[in-house]
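S.K.: Have a look at this one before I ask anything.
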Amino acid sequence: MLDLLSFLYAAVFAVSGFSFARLVFPRDRFVKQLLMGLTAGLVMLLWLPVLPSFLIGFTLASQIIALVIAVGIGVLCAVLGRGKAKTGSFRLKTELPLLLTCVPIIVVCAILMSNHYITNASNGSLHVGQCTYGDLCMHLGFITSISVQKTFPPMYSILPDTALGYPFLCDSISSTFYTLGSTLRFATLLPSVYAAITVVLGVYLLFEDWFRRDSAAVIGTWLFFLGGGFGFFYFFDHAKTFASLTSGEAWENWLKETYNISATVHSSDPLDMGKLLMEGWYKTPTNFVDNGMRWVNSIADMMLPQRATLFGWALLFPALQLLRRAVFDKESKLFIWLGILAGAMPLVHTHSFFALGLISAFLFVAALIGQASKKLSADEKKARGKNLSYFLLFGVIAVALAAPQLFCFTFRQSSAGGFLKFHFNWCNESDSWLWFYIKNLGMIFILMVPAFFAAKKETKLFYGGSLLIWALCEFVVFQPNTYDNNKLLFVWFALTCGIVAEFIVNVWDKLHELPSNIGDKQKKAALPLGKRIAYVILFGTLLTSMLVSGVMTIAREYVSGDHLGIVDGKLRYRENGYQVVSEELCEAAEWIKANAAPDATILTATNHNNAVAMLTGRNIVCGAPTFLYFHGVDYSERYHNVKRMYEDPYSCFYELAERYGVSYVLLGSWEYGSYSVDSEFFSSLTPVWQKGGTTIYKVGE
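Converting from the sequence shown to our numbering requires adding 665 to each position, the first position being numbered 1.
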C-alpha cells in the first residue's frame, strides 16, 4: 500500500513537470513535451524535498512541503498555459519509430533493474546481479541513512562525522520514498525506472532533433545503448578452442584459467560453453579486462550500478537538446531554462555538469568567432548578438546555481588529492592507442572519422565539444579511479553514435539514389534485386557487428540475477543471483532497525556489502576502503582501529568505543573471516540478539 503511495507521489511530480513543459514549450509535439515534462518533474523530485531539509532535516514534513510546492507549480503552469499549447494529439504513425526503439530499451532497463536491485530470495537472503554487487551496496547505505538519521546535509554512515561530498541527490530521491514508507527495494527501483525512461527518450529525441531523421535517431539510439566493439571475437575464438579440447578435465581446467568458472563439463558443444560463459564474473565482450576490453555497456555497467550517472544522464540529454536548439535554431529564450537545468546538475552528477559545460564553452567560443566574421550583414550580427547575450545569461544562471553546490560539497572533497592528475590513454594497459579504441568501439570508432568529415558544418560544430571531452580525458584523470573518466567519455560516445548513425543512413540513401530523369516504371529495374539484397546483407552485417557485443553483455547481466529462464525445457524462476546479504544478517538488521537509536554506531567488519550500513541506516565505525578511497576521504585511522578493536580489545576497546560512540558490536561471518577476533573478550559483553553464528552485543551493559 505504501509502495502505491510512493508511486502516486512520483506521479504528481511528473504531471506537474508536464504542466510546466506545456507552458514553456507550447509548440513542441507531444513526445517532446513529455520528455521535457518528465525532466522538469525529475528536477523537482530531486530538489524540492532537499531544500526544506536544509532547515528542518530530512523528515516527512520536508516531503510533504515538497509535494505541496510541486502541486502549486503544476496548477500555476496549467492556469498560465491554458489555451497556449498548439500541439495536436499523439499520432501513432508519426511516433512509431520512437516507440519501436525506446519501448524495448526501456523494458530491458526495467527488467534488469527489477532483478538487480535486492531481490528477496526464498531462503530469506537478499540477491543482486553482477553489476550491482558493488556500488549498489554503497547507494543503499546512503538511501537508508539519509532517511533514518534525517541529518541534512547528510553525513557518511560508513565514516561518521564526515560530510557526504558525493553527489547525493541520486540517493536522496530514493530516501524520499523510503521516508514515505516504501520498501527499500521499491524506493530504489521507482525513481531509477523513471530516470531510465527519461534517459532513453532523451537520447532518441536528441538525435531526432539534431539530424531531423527518424532513421538516424533509431540507429543512433540502438548504438548508444547496445553498441560495442569487437569483444565478441574473443568468445568465438574461445568457443573454437573449447571445442578442440578432448576431455572433461581439459575443458574444466581451461574454463577455470580463462573465465574463473568452476563447472563440471560433459560436452564440448559450443552451445554448452555459451551457457557456462553466462556464469563468468565480468567476462563479457564489453568488459573483459584480461583481453583489454574496457568500453563497457551503457545499460549494464553505467545506468544500472552508477546511480549518479543514471540521474545525471536523465538531465544531460534533454539539456543537450535545449542547447542545440538554442544555439543553432536560435531559440534564444531556451537558454534561460537550460541555465536552470544545468544549475541543478552538480549534486546529481558532477560529470554531467562538467560535460555540458565543456560542450557549451566550445560552442560559445565558436559563436564569438562567428560573430566577428566580416561576412555577416548588420541584421545578422544583431540577431547573433542577441543570441550570444542569452548564451551568456545561460552561463550566469548555471554558475550562480551550481557554485554553492560545487564549493560547499564537490570541491571540498575533491581537494583531498588524487582527483586531478596527468594520465595518457585512459584505461589502456596492453595495446597501442589506436588498436585499443578500434577493438573496444569497433566499427563505431572506425566510421567516426568519415562520419565527421562527411557531416554538415553545424553537425561538426555540435559534435566538436564532445571531441574536446575525449581529448581532455585522454590526458587528464578527474578522480582517483582512472576508469571513472568514462563518465565523461560516454558523452563523447553518445554524440559519436549520433554522427555514425547519420553517416550510415546517408550512405544507404546514396547507394539507393536514382537519377532524377528516370521514370517511375524504370525505377524498380534501375536497382536490381540482387544488388538490393546485397546492400541489406552488407548493412545488416555492419549493424550486427556493432550490436552483438552489447546484446551478449545484456544477456549475461540478465542471467546474473534471479530471473525467469528455461530449466529442463520449462520456464521457471531461477534464484541464481549473487547473495549480497545472508538470511542471518537480514534478521540482524531487522533487530537493529527495531531497537537501535537512529544515529547509533555499530562496530562491524569493513566489507562493502555491510548489512548494517545497507539495510538499517545506522552508522558503522568504518566502511569499505573500496568506496572511501575513491571518494577522497581519509579513513585510515578508523580502518586500523576497527582491526584493533576486534583483535586486541583488552588494550583499546572501551577507549575507542567511547571515542566513536559505539553502542553495539556485531560478530558474524564477515568479522570472523576478516579478523582474529578475541571471542573471550566479547563474551563478557551482553548479547542482545543471536542466531547461528551471528551475535549482536550491547556495549556498556
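Cβ coordinates follow ideal geometry from the N, Cα and C atoms, glycine included.
All figures in this text were calculated on a predicted structure; none of them were measured in a lab.
Note down, in chain order, each residue of its chain lying with its Cβ closer than 7 Å to the Cβ of S779, except the 5 sequence neighbours on either side.
M.R.: For the purposes of this step, residue 779 is taken as residue 114 along the sequence shown, with counting starting at 1. Only L854 meet the Cβ criterion.
S.K.: Between A1065 and L720, what straight-line distance do the alpha-carbon atoms span, to the nearest angstrom?
M.R.: Counted from its first residue, the sequence shown places residue 1065 at position 400. Counted from its first residue, the sequence shown places residue 720 at position 55. Taking the straight line from one Cα to the other gives about 21 Å.
S.K.: Leaving aside the five residues before and after L1229 along the sequence, list all residues of the same chain whose C-beta is less than 8 Å from its C-beta, in chain order.
M.R.: Against the sequence shown, residue 1229 aligns to sequence position 564. Here the set comprises L1236, R1237, Y1238, R1239.
S.K.: Going by C-alpha distance, which of V868, Y899, D874 is nearest T886?
M.R.: To locate residue 886, count along the sequence shown from 1; it is residue 221. With distances taken between Cα atoms, T886 lies closest to V868.
S.K.: Can you tell me whether H1177 is helix, strand or coil according to DSSP?
M.R.: If you number the sequence shown from 1, residue 1177 lands on position 512. Here H1177 sits in coil by DSSP.
S.K.: With distances taken Cα to Cα, identify the nearest neighbour of L829 among V1327, S847, I808.
M.R.: On the sequence shown, position 164 is the one that residue 829 refers to. From the listed residues V1327, S847, I808, the smallest Cα separation to L829 is found for I808.
S.K.: Tell me the rounded alpha-carbon separation between I1367 and A965.
M.R.: One cannot answer for residue 1367 here, as it falls past the ends of the chain, which runs 666 to 1366.
S.K.: Nearest-angstrom Cα distance between G794 and A1261?
M.R.: Taking the first residue of the sequence shown as 1, we reach residue 794 at position 129. Taking the first residue of the sequence shown as 1, we reach residue 1261 at position 596. Cα-Cα distance, rounded: 30 Å.
S.K.: Going residue by residue through the stretch 1192-1261, where are the continuous beta strand (DSSP E) segments of at least 3 residues, counting only ones entirely within it?
M.R.: 1228-1232, 1235-1239, 1243-1246
S.K.: Going by C-alpha to C-alpha distance, which of F993, P1115, E1345, L1058 sits closest to Y1315?
M.R.: Here residue 1315 refers to the residue found at position 650 when the sequence shown is read from its first residue. With distances taken between Cα atoms, Y1315 lies closest to E1345.
S.K.: Under the three-state reduction of DSSP, which class applies to H1088: helix, strand or coil?
M.R.: As a position in the sequence shown, residue 1088 is number 423, starting the count at 1. Of the three classes helix, strand and coil, the one that applies to H1088 here is coil, per DSSP.
S.K.: By Cβ distance, which residues of its chain are closer than 7 Å to M820, with the 5 residues on each side in sequence left out?
M.R.: For the purposes of this step, residue 820 is identified with residue 155 of the sequence shown, where counting begins at 1. For M820, where only same-chain residues beyond five positions count, the Cβ hits under 7 Å are D826, T827, A828, L829.
S.K.: Give me, in chain order, the residues of the same chain whose beta-carbon lies closer than 6 Å to that of G846; leave out the 5 immediate sequence neighbours on both sides.
M.R.: To locate residue 846, count along the sequence shown from 1; it is residue 181. The residues are L667.
S.K.: For a minimum of 3 consecutive residues, which ranges assigned as the beta strand (DSSP E) are wholly contained in the stretch 1338-1363?
M.R.: 1351-1356, 1359-1363
S.K.: Checking 7 Å against the spacing of the C-beta atoms, do E1312 and Y1340 come in under that value?
M.R.: Here the question's residue 1312 lines up with position 647 in the sequence shown. Here the question's residue 1340 lines up with position 675 in the sequence shown. A contact, by the Cβ cut-off of 7 Å.
S.K.: Report, in whole angstroms, the separation of the C-beta atoms of F1127 and R989, which I expect to be a contact under 8 Å.
M.R.: Walking along the sequence shown from the start, residue 1127 turns up at place 462. Walking along the sequence shown from the start, residue 989 turns up at place 324. The Cβ separation is near 6 Å, so the contact holds.
S.K.: Taking C-alpha atoms, which residue in S684, G1338, R1309 lies nearest to G606?
M.R.: Nothing about residue 606 can be reported from this structure: the residues present for the chain run from 666 to 1366 only.
S.K.: How should I1231 be labelled, buried or exposed, when 16 other C-beta atoms within 10 angstroms of its C-beta is the threshold for buried?
M.R.: Along the sequence shown, one-based indexing puts residue 1231 at 566. Looking at its Cβ environment, which holds fewer than 16 other Cβ atoms inside 10 Å, I1231 is exposed.
S.K.: V689 and W1002 look like a contact to me (Cβ under 8 Å); what is the Cβ gap, rounded to whole Å?
M.R.: Here residue 689 is taken as the residue at index 24 of the sequence shown, counted from 1. Here residue 1002 is taken as the residue at index 337 of the sequence shown, counted from 1. So it is a contact: roughly 6 Å between Cβ atoms.
S.K.: Are three or more beta carbon pairs between the stretch 754-774 and the stretch 704-720 nearer than 8 Å?
M.R.: no
S.K.: Taking DSSP as the reference, what is the three-state secondary structure of I823?
M.R.: In the sequence shown, the residue the question calls residue 823 occupies position 158. Coil, per DSSP.
S.K.: In the structure shown, what three-state DSSP assignment does Y1368 receive?
M.R.: Given that the chain is displayed from residue 666 to residue 1366, the structure contains no residue 1368 and the question cannot be resolved.
S.K.: What are the start and end residues of the beta strand (DSSP E) that includes H781?
M.R.: Reading the sequence shown from its first residue, position 116 is the one you call residue 781. Unbroken run through H781: none, as it is neither H nor E.
S.K.: In three-state DSSP terms, what is F876?
M.R.: Translated into the one-based positions of the sequence shown, residue 876 becomes position 211. Helix, per DSSP.
S.K.: Could you check where the alpha helix (DSSP H) with Y1315 kicks off and where it finishes?
M.R.: Your numbering for residue 1315 matches position 650 in the sequence shown. Looking at the DSSP string, the run of the alpha helix (DSSP H) that includes Y1315 is 1314-1325.
S.K.: With respect to the beta strand (DSSP E) encompassing T1266, which residues constitute its N-terminal and C-terminal limits?
M.R.: Locating residue 1266 in the sequence shown gives position 601, counting from the first residue. Note, T1266: beta strand (DSSP E), 1266-1268.
S.K.: Would you list, in sequence order, the uninterrupted beta strand (DSSP E) runs of no fewer than 3 residues that lie entirely inside the stretch 817-868?
M.R.: Assignment of beta strand (DSSP E) within the stretch 817-868, counting only whole runs of 3 or more residues, yields no such run.
S.K.: With a threshold of 7 Å between beta carbons, is H1016 in contact with chain C?
M.R.: Absent here is chain C; the protein component of the structure consists of one chain.
S.K.: Give me whichever residues DSSP pairs with I1164 in a beta bridge.
M.R.: On the sequence shown, position 499 is the one that residue 1164 refers to. DSSP, once it has assigned bridges, lists no residue as partnering I1164.
S.K.: Could you check what DSSP says for S1038 in three-state terms: helix, strand or coil?
M.R.: Within the sequence shown, the letter at position 373 stands for residue 1038. Reduced to three states, the DSSP call for S1038 is coil.
S.K.: Can you say whether L1106 is buried or exposed, counting buried as having 16 or more other CB atoms within 10 angstroms of its CB?
M.R.: Residue 1106 sits at position 441 when you count from the first residue of the sequence shown. That one is buried.
S.K.: Report the option in C1251, D1096, L741 whose CA atom is closest to the CA atom of S1276.
M.R.: Translated into the one-based positions of the sequence shown, residue 1276 becomes position 611. This sequence places Ala at residue 1276; Ser is not what is there. Considering only alpha carbons, the answer is C1251.
S.K.: With DSSP as the reference, label V1330 as helix, strand or coil.
M.R.: Here residue 1330 refers to the residue found at position 665 when the sequence shown is read from its first residue. In this structure, V1330 counts as strand in the three-state DSSP scheme.
S.K.: Can you say whether S718 is buried or exposed, counting buried as having 16 or more other CB atoms within 10 angstroms of its CB?
M.R.: For the purposes of this step, residue 718 is identified with residue 53 of the sequence shown, where counting begins at 1. Classification for S718: buried.
S.K.: Nearest by alpha-carbon distance to G894: which of G1326, G1215, F1318, V1330 is it?
M.R.: Residue 894 sits at position 229 when you count from the first residue of the sequence shown. It is G1215.
S.K.: Where does the unbroken beta strand (DSSP E) through V793 begin, and where does it stop?
M.R.: In the sequence shown, counting from the first residue as 1, residue 793 sits at position 128. Segment 791-793, the beta strand (DSSP E) holding V793.
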